[in-house]
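The numbering used here applies: residue 42 is where the sequence shown begins, and numbers increase by one.
Ideal placement from N, C-alpha and C gives every residue a C-beta, glycine not left out.
Computed from a predicted model, the values in this text were never measured in an experiment.
Shown next, in structure tokens, is the structure this report addresses.
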Amino acid sequence: MEKEKHQAESTTEESSFYTVPDWNIPFDAVNDAIWILNSEHRIILTNRAAEALFNRTKEEMTGKYCWEVTGCKENTSPECPCVRSKISHTREKLEFRRGEDWFQAISDPIFNNNDHYAGSVHFFRNITHRMQTEKALVDSENRYRALFSKMLNGCALHEVICNDEGKPVDYRYLDVNPAFEETTGFRAKDLLGKTALEVAPDIDPFLIETYGRVALTGEPVSFDFFNEKTGRYFIITAYQPEQGQFAIICQNISEQKKTENALRASEQKFRILEENPIVGIFVSQDKKLIYVNDRMAEMHGYTKEEIIGQPFDMLIHPDDRDSIKSKMDTYLEMGERYRQRFEILRIKKNGDTFWGGAIVTRGKYNDKDAILGSVIDISESKQAEEELRRSEERYKEIVEETDDLIIKVNSSGHIVFANHMANKIFGLPHSDIIGMHISKCIHPDDKLHTRTFIDETVKIKGTGATFENRQISQTGEIRHLLWTSNFHYDEKGNLFEVASIARDITQRRKMEEALKKAHDELEQRVIERTHEIVKANEDLRVKTKNLEELNTALKILLDRREKDKEETSEKILLNVKELVVPYINRLKSGSLNDNQKNYLEVLESGLQEITSPFAQKLTSRYMHVTPRELQVGNLVKQGKTSKEIADTLHTTERTVVAHRANLRKKLGLDKSSNLRTYLLSLQ
């Protein structure tokens with residue numbers, strides 16, 4: 042009755058509030074669409090702008106829920122400003138799109154004379170122009186920022202700082218682009234908002250003076266600058282974007298300077314080679330030697346004067362002259378620069394020969410096409426190569442004739458070399474073995490052990506290791522191998538190659554297994570004999586053990602009987618508290634006549650007599666649960682949701698949630714435990 046009375050009073054207050062005669066004229070004159078909603082979010086009043094926005098008459102909208110008119114999917118959306126303002130009791134806003142237009146929904150709560158929520162005023166304001174303007178600003182800023190960020194040259198914006206006399210004494214960083222960070226080596230986070238003297242206390246005063254003049258006078262400048270701290274060269278252009286500010290564009294010309302310096306160094310080196318000859322240098326033009334340095338003449342036994350003007354092939358062994366002439370003709374016909382290296386037998390004035398390594402290139406000499414080259418005596422290196430070749434042949438003979446497997450594996454585990462035994466052990470042709478991963482033929486049960494062993498060796502930078510594993514060939518044959526591996530690292534400590542020799546120990550392993558099998562059979566016979574002796578003693582202990590087990594079983598049955606009695610007592614008391622006592626309390630709170638009260642007292646007294654023997658055995662963790670919490674727990678156990686429980690107990694869903702939380706706390710359940718599952722386990 043009190044609830045119905047409160048609702049009637051609320052409706053009366055709302056009706057009187059919204060029927061003030063002076064509302065209509067200003068209400069309809071507002072350009073924004075306006076609704077007046079009651080506490081249930083039904084539309085009570087609407088203006089003309091709302092009719093135009095939603096293309097409905099006042100009569101078609103009045104009495105409907107707001108979400109029915111706006112087309113929302115549900116009336117309790119957490120984004121709805123009506124729902125949020127009812128909860129927060131403050132203005133709530135939401136921006137949304139309708140067709141091509143953007144709108145802002147604003148909900149202001151309304152309270153009655155008792156400060157109870159009575160409804161809300163709901164505005165719809167067209168903000169399309171504002172959104173378009175904001176988007177245009179964002180697009181403009183993005184275009185500027187993209188241009189600023191993608192510039193190849195460093196760019197930065199500053200403001201000048203002057204003393205009381207108006208003289209520039211410092212400047213502050215306002216913005217820098219990524220190229221400026223890359224060019225100068227400073228990060229934006231270390232520059233923005235700071236002054237030049239804070240960043241670099243030893244900054245060249247020339248920069249402050251020059252930049253200050255640009256910021257104050259507007260006269261742009263451009264100059265070369267070398268930063269001694271970074272060792273970089275720049276072309277800096279400074280201009281005034283607005284009074285008191287200056288922007289600079291830095292072009293890093295360090296590479297250009299390095300090229301110029303390298304050219305000067307190259308010229309110096311050429312002079313050194315000319316004056317202190319180590320390498321023979323020649324220039325050939327029109328198939329004649331028009332220039333040679335002292336070293337070129339000396340290594341062939343001539344003077345410079347004897348060589349210059351002679352055919353370019355006079356210093357080459359006669360057997361190679363035809364091939365060299367053909368190459369020179371080809372080089373001269375090429376339309377682009379090239380660089381070619383070759384080795385050739387050369388001849389001295391006295392007829393002796395030596396091996397020369399030549400590097401030639403096509404270029405210009407006195408503005409005419411020419412062949413420019415250098416020559417060094419490589420006779421000793423050719424002799425060393427021949428000795429190395431003979432050594433490699435001897436090594437190859439040893440590797441190919443041995444009965445052991447020899448392989449080399451790179452840092453990624455792929456085989457780069459394998460001798461003839463690899464074909465036999467892996468069961469693959471040599472072409473398939475080269476490039477194969479070393480783990481392909483390892484027995485599956487040995488792969489992890491092998492990998493772990495190698496990783497541990499590399500981890501400690503071990504140079505040698507010995508281990509065993511099994512290999513499975515492509516035909517399924519299993520072989521036991523004993524590996525001896527050498528690990529090679531580069532100067533940085535990174536593994537680059539493993540060279541391994543593996544010996545086939547399959548027969549040895551078979552013999553060891555046969556010996557182990559014989560040993561195991563002998564041990565088994567001893568065990569069987571011993572077992573026969575032990576069995577006789579065991580039979581004597583069986584009867585004693587059976588009697589002990591019988592006594593144990595009887596004790597367990599008695600303990601179980603006592604536990605069942607205790608659980609039955611707990612269930613009786615819990616069910617009475619959950620299923621009977623709450624309803625007795627509800628009857629007691631209602632309006633009863635004298636006879637009904639007497640019957641109720643008799644019923645309550647009888648239940649106390651029934652449950653009193655069990656109450657003493659009920660665990661204390663259930664005794665402090667309130668009747669209402671027992672009701673909620675019983676409905677949770679039945680699978681009811683919080684909303685369904687609230688409807689059953691005629692209370693709010695928030696209250697049910699609070700009871701559930703209290704019940705979890707009293708039962709000692711953490712957040713990961715399911716309340717219903719726990720309650721069902723108590724049955």
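Beta-carbon separation of phenylalanine 353 and lysine 390 under 9 Å?
Taking 9 Å as the Cβ cut-off, phenylalanine 353 and lysine 390 do not qualify as a contacting pair.
DSSP state of glycine 321, grouped into three classes?
Strand, per DSSP.
Rounded to whole angstroms, what is the Cα-Cα separation between lysine 127 and histidine 157?
Their backbone Cα atoms lie some 10 Å apart in a straight line.
Cβ pair histidine 199, phenylalanine 287 closer than 9 Å:
Yes; because the gap between Cβ atoms is below 9 Å, this pair is in contact.
Span of the alpha helix (DSSP H) holding aspartate 73?
Segment: none, aspartate 73 is in no alpha helix (DSSP H) and carries neither H nor E.
Just how far apart, CA to CA, sit aspartate 531 and lysine 208?
When the Cα atoms are used, aspartate 531 and lysine 208 turn out to be separated by approximately 60 Å.
Compare the C-beta of aspartate 354 against all C-beta atoms of chain B and say whether one is closer than 9 Å.
Annotation note: the requested chain B is absent from the structure, which comprises a single protein chain.
Beta-carbon separation of leucine 581 and isoleucine 546 under 9 Å?
Going by C-beta atoms, leucine 581 is not nearer than 9 Å to isoleucine 546.
Would you tell me roughly how many angstroms separate the C-alpha atoms of valine 539 and glycine 414, rounded to the nearest one?
In a straight line, the C-alpha of valine 539 is about 41 Å away from that of glycine 414.
Tell me which residues share the same chain as glutamine 351 and place their Cβ nearer than 7 Å to its Cβ, disregarding the 5 neighbours each side in the sequence.
If you ignore the 5 residues before and after glutamine 351, its C-beta comes within less than 7 Å of the C-beta of Lys329 and Leu330, all in its own chain and listed in chain order.
Member of Ser364, Thr251, Val666 and Thr402 whose CA lies at the smallest distance from the CA of isoleucine 289
Here the closest residue by C-alpha is Thr251.
Which word fits methionine 462, buried or exposed, when buried means at least 16 other C-beta atoms lie within 10 angstroms of its C-beta?
The residue is buried, with at least 16 neighbouring Cβ atoms inside 10 Å.
Cβ-based burial, valine 201 [other Cβ within 10 Å; buried from 16]
Flag for valine 201 reads buried.
Would you list the one or two residues that DSSP bridges to histidine 396?
Sequence check: residue 396 is tryptophan here, not histidine. In the DSSP output, where bridge partners are listed per residue, tryptophan 396 has Leu386.
Classify phenylalanine 275: buried if its beta carbon has 16 or more other beta carbons within 10 angstroms, exposed otherwise.
Phenylalanine 275 counts as buried, since no fewer than 16 other beta carbons sit within 10 angstroms of its beta carbon.
Beta-carbon gap between lysine 134 and isoleucine 151 smaller than 9 Å
Contact: no.
Between which two residues does the alpha helix (DSSP H) holding lysine 481 run?
Bounds of any alpha helix (DSSP H) do not take in lysine 481, whose DSSP letter is neither H nor E.
Is alanine 74 closer than 9 Å to phenylalanine 14 when the C-beta atoms are compared?
No information on residue 14 is available, as it lies outside the stretch 42 to 724 that the chain covers here.
Does DSSP put leucine 710 in a helix, a strand or coil?
Residue state, collapsed to three classes: coil.
Hey, could you find the ends of the alpha helix (DSSP H) threonine 251 is sitting in?
First-last of the alpha helix (DSSP H) with threonine 251: 246 to 258.
Does DSSP classify glutamate 666 as helix, strand or coil?
The amino acid occupying residue 666 in the given sequence is valine; glutamate does not appear at that position. DSSP places valine 666 in coil when its eight states are reduced to three.
Taking three-plus beta-carbon pairs below 8 Å as touching, is the stretch 666 to 674 in contact with the stretch 697 to 708?
Here the stretch 666 to 674 makes contact with the stretch 697 to 708; the two share three or more CB pairs at distances below 8 Å.
Taking 8 Å as the cut-off, does the stretch 461 to 480 touch the stretch 550 to 565 (at least 3 CB pairs, one atom from each stretch)?
Because the criterion of three Cβ pairs below 8 Å is not met, the stretch 550 to 565 and the stretch 461 to 480 do not touch.
When the Cα of aspartate 142 is compared with those of Ser630, Lys638, Glu569 and Leu94, which residue comes out closest?
Its Cα nearest to that of aspartate 142, the residue Leu94 stands out among Ser630, Lys638, Glu569 and Leu94.
For my contact list, tyrosine 106 and histidine 82 are in at a C-beta cut-off of 8 Å; report their separation, rounded to the angstrom.
Cβ atoms of tyrosine 106 and histidine 82 come within 8 Å of each other, at about 6 Å.
List the endpoints of the continuous beta strand (DSSP E) containing asparagine 451.
446 to 451 is the span of the beta strand (DSSP E), which, as asked, contains asparagine 451.
Drop a sphere of 10 angstroms on the beta-carbon of methionine 552, count the other beta-carbons inside from all chains shown, and report buried for 16 or more, exposed for fewer.
Around the C-beta of methionine 552, fewer than 16 other C-beta atoms lie within 10 Å, and the residue is accordingly described as exposed.
To the nearest angstrom, how far is it from the Cα of threonine 224 to the Cα of leucine 257?
The alpha-carbon of threonine 224 is positioned some 26 Å away from that of leucine 257.
Ordered along the chain, which non-local residues of its own chain (more than five positions away) have a Cβ less than 7 Å from that of asparagine 715?
Excluding positions up to five away in sequence, the list is empty.
Relative to the C-alpha of isoleucine 456, which residue among Ile447, Ile466 and Ile479 is closest?
Looking at the Cα atoms, Ile479 is the closest of the given residues.
By DSSP, does arginine 403 sit in helix, in strand, or in coil?
Three-state result, arginine 403: strand.
If you reduce the DSSP assignment to three classes, tell me which class aspartate 156 lands in.
Coil.
Between the Cα of lysine 730 and those of Glu109, Asn535 and Val324, spot the shortest distance and give me the residue it belongs to.
Because the chain in this structure spans residues 42 to 724, residue 730 falls outside the shown range and cannot be described.
Less than 9 Å between the beta carbons of glycine 398 and isoleucine 412, yes or no?
Against a cut-off of 9 Å, the Cβ pair of isoleucine 412 and glycine 398 comes out as no contact.
Does the Cβ of serine 432 have 16 or more other Cβ atoms within 10 Å, making it buried, or fewer, making it exposed?
Its Cβ having fewer than 16 others within 10 Å, serine 432 is exposed.
On the DSSP bridge assignment, give the partners of lysine 134 in chain order.
Answer is Ile147, bridged to lysine 134.
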